[in-house]
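Taking it in order: structure first as structure tokens, then the write-up.
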Amino acid sequence: MAPAELVAVGFGLAYILLAIREQRACWIAGGISTAIFAGVFLHAGLPLQAALQLVYVAMSAWGYHAWRRDAAAAAPVRRWSVPRHLLALAGVGLATAASAPLAARYALAAAPVADSLGTWASLVATWLLARRVVDTWLWWIAIDTGLAGLFYSQGLVATAALYLAFGLLAAAGWRSWRKRMPAP
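So the number in the numbering used here is just where the residue sits in the sequence shown, counting from 1, plus 4.
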């Protein structure tokens with residue numbers, strides 16, 4: 005385990021714990037974690053995950069802005085309809101089908117399909133988190149569990165453990181955010 009991986013893991017844990025509590029500082033911890041993970045993943049042969057981390061840095065700035073005090077009052081936790089989820093899943097599938105062959109051919113990805121799928125699904129889930137859609141946590145349970153296996157296969161043991169913890173914490177996040185939803 006490289007020291008950079010351990011630092012990224014620490015900030016990653018801070019990110020999810022703060023996000024569950026809807027604390028705006030989660031976006032700062034997430035930005036630091038993802039900036040470090042970009043290098044870790046590139047070194048591990050996961051170029052799409054590395055690129056995703058750079059997108060996360062930008063999304064962290066956006067999320068920090070979106071969760072400012074006034075926006076928090078205006079954006080309660082809410083749900084998405086099943087058709088919207090199916091449409092998002094179809095988009096993830098199409099994006100994965102388009103990017104996996106490119107990642108294999110041009111970026112020499114170690115696991116192009118898993119790398120692509122994890123990348124596109126994570127982008128959707130992060131967008132859902134920033135928009136305070138409770139279902140983001142269900143997406144994260146599936147994504148984090150799958151990515152834990154990918155990271156373990158690339159020798160990123162601490163990162164794999166972090167993503168398993170993310171999956172468990174995502175379940176706690178789902179329960180916590182459901183309690184905060186306005187009554188129907």
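Each residue gets a CB set at the ideal place from its N, CA and C atoms; glycine is no exception.
Spanning the alpha carbons of L133 and L142 requires a straight line of approximately 11 Å. Between R83 and V13 a beta carbon distance of about 31 Å is seen, past the 8 Å cut, so the two are scored as non-contacting.
With respect to W131, M185 sits apart: the two C-beta atoms are not nearer than 9 Å. With a 10 Å radius around the Cβ and a threshold of 16 neighbouring Cβ atoms, A113 comes out buried.
With respect to S126, L151 sits close: the two C-beta atoms are nearer than 9 Å. In this structure, A29 sits away from G43, with a CB-CB distance that is not shorter than 9 Å. With fewer than 16 other Cβ atoms from the protein chains shown falling within 10 Å of its own Cβ, R25 counts as exposed. With respect to V61, G35 sits close: the two C-beta atoms are nearer than 9 Å. Take the alpha-carbon of A65 and the one of G177: they are about 21 Å apart. Note: V137 is bridge-paired with R82 in the DSSP secondary-structure output.
Counting along the chain, M185 sits inside no alpha helix (DSSP H), nor does DSSP assign it H or E at all. Across the set G49, P80, V161, A162, the C-alpha of P80 shows the shortest separation from the C-alpha of R135.
Each residue's CA atom was taken as its position, placing A118 and L50 some 10 Å apart. Only exposed fits G97, as fewer than 16 other CB atoms lie within 10 angstroms of its CB.
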